[in-house]
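**Q**
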Amino acid sequence: MELKYDFKNIEPKWQKKWAESGIYEVDETSDKEKYYLLEMFPYPSGKLHMGHVRNYSIGDVIARYQAMQGFNVLHPMGWDSFGLPAENAAIKNKVPPADWTLSNIDNMREQLQTMGISYDWTREVATCKPDYYKWTQWLFLQFYKNGLAYKKKAYVNWCPSCNTVLANEQVVEGACERCGAVVEKKDLEQWFLKITDYAQRLLDDLELLPGWPEKVKTMQQNWIGRSEGAEINFTTESGEVLPVFTTRHDTVFGVTYMVLAPEHPMVAKLVKGTPYEAEVQAFIKKVQQLSNIDRTSTELEKEGVFIGAYAINPLTEDKVPIWITNYVLMDYGTGAVMGVPAHDQRDFDFVKKYGLPVKEVISPSQKSSGEVLTAAFEEPGYMVNSGSFSGLFSSPEGKEKVAEFIEAKGFGKKVINYRLRDWLISRQRYWGAPIPIIYCPVCGQVPVPDADLPVVLPTDVEFLPTGESPLKTSPTFGKVKCPVCGADATRDMDTMDTFMCSSWYFLRFCDAHNADAPWSKEKTDYWLGVDQYIGGVEHAILHLMYARFFTKVMHDLGLVHVSEPFTNLLTQGMVLKEGRKMSKSLGNVVSPEEIIKKYGADTARMFILFAAPPERDLEWSDDSVEGCYRFLNRVWRIVNSVCELSPKTGDSMDAAAKELHRITHATIKKVGDDISLRFNFNTAISSIMELVNAMYDYKEKAGEVVNTGVLLTAAENLILLLAPFAPHIAEELWQLLGKEGSVHTMSWPSFDEAALVKDEVDIVVQVNGKNRGHVIVASNLTAKDMEALVLAHENLAKWTGGAKINKIFAIPGRLVNIVVAK
RNA sequence: GCGGGAGUGGCGGAAUGGCAGACGCACCAGACUUAGGAUCUGGCGGGCAACCGUGGGGGUUCAAGUCCCUUCUCCCGCACCA
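In terms of my numbering, the first sequence opens at residue 19 and continues consecutively.
(1) Taking the alpha-carbon positions, what's the Ser520 to Glu418 distance?
(2) Taking only three categories from DSSP, how would you classify Ala354?
(3) If you follow the beta strand (DSSP E) that Met465 is in, where does it begin and where does it stop?
(4) Look at the Cβ atom of Leu92, then the Cβ atom of Leu130, and state whether they are nearer than 8 Å.
(5) By the DSSP assignment, the alpha helix (DSSP H) with Leu308 in it spans what residues?
(6) Report all residues from its chain with a CB closer than 7 Å to the CB of Ser492; omit the five preceding and five following residues, and keep chain order.
(7) How would you write the range of the alpha helix (DSSP H) that Asn651 sits in, first residue to last?
(8) Going by DSSP, what residue range makes up the beta strand (DSSP E) through Glu202?
(9) Would the beta-carbon of Trp209 fall within 8 Å of that of Lys169?
(10) So Ala327 is in the beta strand (DSSP E); what residue range does that whole segment cover?
(11) Are the stretch 631–640 and the stretch 706–724 touching, with three or more C-beta to C-beta distances below 8 Å?
(12) On a CA-only basis, which of Val189, His361, Met511 and Cys500 is nearest Ser444? Give me that one, please.
(13) Tell me the DSSP secondary structure of Lys757 in three-state form.
(14) Less than 8 Å between the C-beta atoms of Val834 and Ala828, yes or no?
(15) Excluding sequence positions up to five away, which residues of its chain have a Cβ less than 8 Å from the Cβ of Asp349?
(16) Could you give the distance in angstroms between the alpha-carbon of Phe429 and the alpha-carbon of Val259?
(17) Quick check on DSSP: helix, strand or coil for Trp153?
(18) Mind checking whether Pro339 and Tyr275 have CB atoms under 8 Å apart?
(19) Buried or exposed, going by whether 16 or more other CB atoms sit within 10 Å of the CB of Gly690?
(20) Does the separation of the CB atoms of Leu184 and Val270 fall below 8 Å?
(21) Using the Cβ count rule (16 or more neighbours within 10 Å means buried), how would you classify Glu29?
(22) So, are the CB atoms of Thr589 and Val555 less than 8 Å apart?
(23) Run through DSSP, which three-state label would Cys194 get?
(24) Would you mind giving the Cβ-Cβ distance between Gly547 and Pro583, rounded to the nearest angstrom? I have them listed as a contact below 8 Å.
(25) For the stretch 734–808, which segments carrying the alpha helix (DSSP H) assignment without a break, of at least 4 residues, lie completely within its bounds, in sequence order?
(26) Among the candidates Leu374, Tyr448, Leu594 and Thr352, whose CA atom is the shortest distance from the CA of Pro359?
(27) Report, in whole angstroms, the separation of the C-beta atoms of Thr264 and Ala279, which I expect to be a contact under 8 Å.
(28) State the Cα-Cα distance for the pair Met19 and Trp36, rounded to the nearest angstrom.
(29) Looking at the structure shown, is Thr701 part of a helix, part of a strand, or coil, going by DSSP?
(30) Return the chain-ordered list of same chain residues with a C-beta closer than 8 Å to the C-beta of Thr413, the five sequence neighbours on each side being excluded.
(31) Can you give me the Cβ contacts of Tyr53 inside the same chain, cut-off strictly under 6 Å, excluding the 5 residues immediately before and after it?
(32) Give me, in chain order, the residues of the same chain whose beta-carbon lies closer than 6 Å to that of Pro115; leave out the 5 immediate sequence neighbours on both sides.
(33) Checking the sheet assignment: what are the DSSP bridge partners for Ile706?
(34) Using only alpha-carbon positions, find the residue among Trp156, Trp32, Lys112 and Leu814 that is nearest to Met514.
(35) Please classify Met284 as buried or exposed, where buried requires at least 16 neighbouring CB atoms within 10 angstroms.
(36) Measuring alpha carbon to alpha carbon, tell me which of Tyr372, Gly645 and Ile330 ends up nearest Met356.
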């Protein structure tokens, strides 16, 4: 008999059985050690794409492998379900965002279930449901009550297409990360979370994460952008203080002008009523008309105007002109910069254009050459023309001395500046968690009392593309009594950035249905941290930094015991077709649904794991999918043919049987190592393929005298090794072999060291590093024995051509290299 | 410009300093077949060969895809950050 590999029946059958028996459901009472495996939860767009398939296939291999290793594996799934697409769909199709989202979730859950992933579905969460966002609001209030959430008016990034403000992290090259529209600046009053309070810890604690890719840690480092320097207080003639931030305080004696950002509040003050006012305002207007992209482009020609005022350098008491330029940014440092053309190329270019003086204060030699500089000298060197500091080496000694001097004289202070800004979380949109703040004419800002949470999204709203939050169209939502004094009050009409929701979902999974708290400490104590987190590298900064920030705040509030959420991080590469990211506009999208329909989930999973190591980009190949399908068919046939054999006693262990036995054990070792040490699923699958090839070979060769015991053992281990990759076929074949229980509750097989040893090995003979021949020797031969054997070999003269042997190297089990005179 | 990663057959990709190209795809030949886009067997870097081959050039070593120096190309992230 040769029954067909009928994945269409097998896969749904086992999915149903697993769900009924609840084999993937876990709790905290197990005496096994815990293992928390998490894949980044998806936005429910409605359709699974190949990136999801890859993410969840990788996760499932690890989850199933760790379970077979004896861990109590938490492997949950949920939905990052607030966000703009739902609202845009509402505007377009007049469907309420909730309906659209919930039906998408149902669709995607169904698709996900056809993949046969070992999720504990009892823990499913959706961030858009009141029982979840109640706690997002509650957490916001914890930030608020601890001084970590505040409202301020600021120039913020505004996306004119999404009609909302954006966090700095959501602006990519001056454009909206989501829709690509050019971001504008708007002066608005918005809520911020004080992530800058945690800048140093977010930076330092990267060292606690050896299990994270260097690349991600570097990206976060760059984003935090720590730089050590000094703030030096220049003063205007009228006595106003103008602090500048610099990392080159060793060059403070070389300041020949000062620059302010056009938006700097002092600018208007200084030019008011002066003859410069009109020209300055015209320049400011010109700069502000530039888009963010142009504004921050390095291509932009440096321009500026003198504003008619002067600043006094506290160290030299020199009076230097104050300019405004298009290359100084208001939101970094103090928005004011000292101009040192001799030692900063930008400043140098600027003064060349406007004819300002250059003063050399750092020189490669002890004395200033006196020559005219043709470019800025930016390296460290000896301080010259620098008063009592002249002669010192600029860095670190000179810097340190200048800083001490400045602090002693009260001219300024050492400071550490970060590029990281506070996190703007207000969004002028409907489909998010409402910000639980009430504005009372008497009491001012009042947090919504815990008992009144959640602040539920109203449904009596209109979705019009007006640019106003739809919440404002609700006749009921905004009207509220002040919880303190009872006066008529209004609600905050904004919702929270959806990254707030995804910053704590991994905590909720530990205790998904807790109605009294976001989670119980006992449960997070048991499950945290996440032992392995898996997702796309596109979240390297945004989500991963926010989640780290949240965890640290929760830690400081005593709500969780860990200070880092994700112990190990695996960032998977993209799925490409024809070398490019799959996208609708390129028309190169391969639908997981169709692949699963045509070949089954096991084939889809095998292909996506086999085609490339997880961190690398993966090129989709229909042919290669076919190859994986063929492989599973081969597995199906060989196990079917083997299970018909009945084990006999007294089978002889001949060389062929011994070899299959050895390969079986070598494969157990290799697959285990590849999964656990390296995440090299592609090579793990290769070696499983080799085992299958070896089984066919053996059956072919052995014919009638087949050793059924060895063959059955090979088949049994084959299924165990295949189980994390192709769980349905493994389960079916496990049953076919007559085994009790689910293969997914079995222990990972162990290998016998002794079985790995070959009796004889084929070693290569090299002469001066070039291959000359082969010898079959006993595998336990020492280097010395090997040398002797080769030197006495009948082919020796043929190999060496009779040349004089100078030296000989032998590597046991591998090769012998004879070094001869040339 | 700064930071990170990668360059290996026709393709995806393998190789603790020790036989480069495992495994798979594609391709070629054969077998079985009424037929095969099923399955099985064999072949498959280049060259007639000696030999030559891991982006290029140097080096270390008995031995280099792997280590060191240098250079080129591509991808990703950040980018007037003072």
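Even glycine gets a Cβ: it sits at the ideal position worked out from N, Cα and C.
**A** This is what the structure holds:
(1) 43 Å
(2) strand
(3) According to the sequence provided, residue 465 is Pro. The question's Met does not apply to it. From DSSP, the beta strand (DSSP E) with Pro465 extends over Gly462 to Pro465.
(4) no
(5) Note, Leu308: premise wrong, no alpha helix (DSSP H); not H, not E.
(6) Pro476, Asp478 and Val479
(7) Asp640 to Cys661
(8) Glu202 to Leu211
(9) yes
(10) Gly322 to Ile330
(11) no
(12) Met511
(13) coil
(14) yes
(15) Tyr173 and Arg439
(16) 10 Å
(17) helix
(18) yes
(19) buried
(20) no
(21) buried
(22) yes
(23) strand
(24) 6 Å
(25) 745–754
(26) Leu374
(27) The Cβ separation is near 15 Å, so there is no contact.
(28) Here Met19 scores only 41 on pLDDT, less than 50, and its place in the model is too uncertain to base an answer on.
(29) helix
(30) The residue asked about is misnamed: residue 413 is Ser in this sequence, not Thr. Taken in chain order, the residues that qualify are Asp268 and Pro398.
(31) Gln84, Phe89, Val91 and Asp549
(32) Ala104, Glu105, Ala108 and Trp449
(33) Paired residue(s): none; Ile706 is not in a bridge.
(34) Trp156
(35) buried
(36) Ile330
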